[in-house]
Amino acid sequence: MQYWESITGPGTIDEMVADAHAAGHADFNARLVGAWIAKGILGSPQVRTLHRGSDKALHSAHQRRLLLIVLDKRRRSPELKLNSLAQIPLALWLWWGEEYVAVQQAQRAFSTWLGRGQRNKDVARDGAVGLLRQIDHPLATPTARTRLVRLVTDLGNGQALTPRGRAELVDAVREVMEPDSVFAASGMVRAVGPVGAPMTCEHVVAHAEIISLAVQHVLRAGVSEQLLEEARAAARAWTADYLAERPGLEAAAGSLADAFRSPTLDEQVNTAGERLLYTVGLLLRQRQQ
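The following block contains the structure:
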């Protein structure tokens, strides 16, 4: 049994620190509790008011367990920064609900995950490299791959997509997905994935546009509780539909079957931010139409 499974009730900040120390995290202290609340790694405690004065605020049992889960993840993967660890509470809110993580905490965790400046660029580049892996053709040139990653990274970092920029993006996607050395003479169009869920150049460009729209909005105006809750509901509904179809897609995907396998728990956590960001972009696009 994991140590956090023995926690059954709420506790004060002192008990949170004691939990961490008992689990072998001797460097954790009360100052970090406050810092992690501000970043959305932890939620705000419930203030207790007594007849005379006030007692120390209480952190729920779920938050006490969350702290130990985050600390355990940090110990197992010391290279992870808070921005990456923020996906743990974000995933709890997305898949398990507000009983575990309040929407206000999810807001802060989402902002921490996306980040600004270099951190945002790192997140954007990770997404661009992931996209490249999905659509890459063996005969695409290194120059074409580098160009695509650069353009998609810039869009994911908040750069506006102009008509000229979109034309360049379409060209970059085609150079990677449909290199001229293979497709120019035939005029054929490549679709990646099974018949039921093909990914063409236009699908890839549309995906990049949606991410760009979401990032620009979040960096400019933040994400409201209402928009985040709408994104959560939509993401859960779409995911349920996908999971129902997943076995058939996996069976029909051939060499790309790995892209449709059942996600592990770690993968569900590590993709929570990206899933919500994409869904926010879809909702924003629907509002524009």
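Terminal number for the sequence shown in this note's numbering: 1457, no gaps in between. We treat Cβ as the ideally placed atom computed from N, Cα and C, and that holds for glycine.
Residue of the options minimising C-alpha distance to residue i
i	options	result
D1195	A1274, G1208, D1240 and H1227	D1240
G1390	R1313, A1270 and W1281	W1281
L1433	Q1214, A1259 and A1403	A1259
P1178	W1204, A1206 and G1211	G1211
F1440	A1308, L1248, L1450 and A1399	The identity of residue 1440 in the sequence shown is Ala, whereas the question assumes Phe. When each option's Cα is compared against that of A1440, the closest is A1399.
E1266	K1249, S1252, L1445 and H1230	H1230
T1309	A1203, V1341 and R1414	V1341
L1235	S1392, A1191, D1223 and Q1394	A1191
H1375	A1186, A1206, G1202 and L1300	L1300
L1262	L1444, H1189, A1188 and E1393	L1444
A1405	Q1255, N1251, Q1272 and T1447	T1447
F1428	V1437, A1412, N1438 and E1442	A1412
E1173	Q1456, I1237, T1407 and K1289	I1237
R1232	L1250, T1176 and G1283	T1176
D1403	Q1214, C1369, W1264 and A1188	For the record, residue 1403 in the displayed sequence is Ala; it is not Asp. Ranking Q1214, C1369, W1264 and A1188 by Cα distance to A1403 puts W1264 first.
V1386	F1278, D1294 and R1455	F1278
V1372	G1298, S1392, A1186 and P1415	G1298
R1243	A1188, A1206 and G1283	A1188
Check whether residue i and residue j have beta carbons under 8 Å apart
i	j	result
V1481	M1367	This structure leaves residue 1481 out entirely; the chain is present only between 1169 and 1457.
A1292	G1333	no
A1270	L1396	no
G1422	I1378	no
A1382	L1452	yes
V1344	H1305	yes
L1307	S1349	yes
L1200	R1216	no
I1256	K1224	no
R1276	G1326	no
L1319	E1346	no
Residue i - DSSP class collapsed to helix/strand/coil
i	result
Q1457	coil
N1325	coil
K1249	coil
E1435	helix
R1293	helix
P1306	coil
A1335	helix
T1447	helix
A1440	helix
S1430	coil
V1269	coil
T1280	helix
A1254	coil
T1314	helix
Short CB-CB distance (under 8 Å) between residue i and chain B
i	result
L1316	Included in the structure is just one protein chain, with no chain B present.
What are the complete alpha helix (DSSP H) segments, minimum 4 residues, inside the segment 1342-1415? 1348-1351 and 1369-1389
Any beta strand (DSSP E) of 3 or more consecutive residues that is wholly inside the segment 1171-1240: 1214-1217 and 1222-1226
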